[in-house]
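In this note's numbering, the protein residues as written are 33 to 274. Every residue gets a Cβ at the ideal spot worked out from N, C-alpha and C, and that includes glycine. One structure below.
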Ligand code: URA
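Printed below as a string of structure tokens:
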């Protein structure tokens, strides 16, 4: 007989917090399963059991998990690396197996999603959806207002013009750029094209998700509201916005 998963694991996978936090919720008698106050170690079947925290049903999506990782520099965004460099997949729990949503260059730091939710990954990476991504680029020199305008209006790269972007100077030599396309090394190439090569690049936001508290190498599980807000942000783009 299938014994089910431990309740704290199911709650954590639903994004309610770390296992430890979820264990505390159970110990504090805030969690019920099919109307009964649950005890620590209780096993549940998320498909059939009704799980509530503080009287509110937990919308568990059985088996689906999405992590937000702050990728350190030097870690590759693929599942494995022939050169033996560390990979983002090694930084998050091994089970369930997840894969990165899109890529950051090995030299780029910052926020990256990893998930086993194929639909979500598809929506976030497919060009016809495309959520905004914000980057902080430390560049050589300091772009002039005219050069920033070029970034905003679109610059010619060898694979064509870039779509309009948001670009502002947040400090001398520090550019905040928001783009929704996901071309290879796009931010680096855009900055290079205006004559200010990137020295350091950090992704600071993916659609509605930012997290200043996550240190490089740290990750957390997205909660259900965050997954919903991501899905909502990944709406099909109209041709007018392209
Ligand atoms: N743009 C880049 O140039 N590199 C990244 O890793 C992401 C966006």
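Reduced DSSP category for residue i - H, G, I as helix; E, B as strand; rest coil
i	result
residue 64	strand
residue 206	strand
residue 253	strand
residue 147	strand
residue 259	helix
residue 247	coil
residue 56	helix
residue 132	strand
residue 235	strand
residue 157	helix
residue 45	helix
residue 124	coil
residue 38	strand
residue 184	helix
residue 163	coil
residue 219	helix
residue 89	strand
residue 152	helix
residue 225	helix
residue 264	helix
residue 178	helix
Nearest to residue i (by Cα), restricted to the options the options
i	options	result
residue 257	128, 46 and 151	46
residue 87	233, 70 and 148	70
residue 179	64, 138 and 205	205
residue 262	244, 245, 203 and 163	163
residue 124	113, 144, 117 and 48	144
residue 118	44, 139, 53 and 100	139
residue 97	72, 129, 61 and 84	129
residue 240	82, 100 and 216	100
residue 266	49, 157 and 229	157
residue 108	127, 133, 84 and 63	133
residue 326	50, 51 and 72	Examination of residue 326 is not possible in this model, given that the chain is present from 33 through 274 alone.
residue 170	229, 212, 213 and 211	229
residue 231	168, 242 and 253	168
Local Cβ density within 10 Å of residue i, reported as buried at 16 or more and exposed below that
i	result
residue 193	exposed
residue 55	buried
residue 65	buried
residue 102	buried
residue 67	exposed
residue 150	exposed
residue 200	exposed
residue 42	buried
residue 40	buried
residue 244	exposed
residue 114	exposed
residue 219	buried
residue 260	exposed
Spatial neighbours of residue i in its chain, beta-carbon cut-off 7 Å, leaving aside the 5 residues before and after
i	result
residue 104	141, 248 and 249
residue 217	137
residue 196	184, 185 and 186
residue 35	75
Same chain, Cβ closer than 6 Å to residue i, neighbours up to 5 away in sequence not counted
i	result
residue 33	Caution is warranted here: a pLDDT of 44 is assigned to residue 33, below 50, making its placement in the model unreliable, and the coordinate value is therefore given only provisionally. So no residue of the chain qualifies.
residue 182	226
residue 277	The chain is shown only over 33 to 274; residue 277 falls outside these bounds and no answer can be derived.
residue 212	162 and 164
residue 246	102
Close Cβ partners of residue i (< 8 Å) along its chain, the five nearest in sequence each way excluded
i	result
residue 131	111, 121, 146, 147, 148 and 153
Residue i CB to nearest heavy atom of ligand 2 below 7 Å
i	result
residue 137	Here the bound small molecules are ligand 1; ligand 2 is not part of this structure.
contact_flag[the region 168-188, the region 196-212] where n(CB pairs < 8 Å) is 3 or more
Touching, yes.
Closer than 8 Å is the cut-off here; do at least three beta carbon pairs connect the region 180-200 with the region 210-230?
Touching, per the Cβ criterion.
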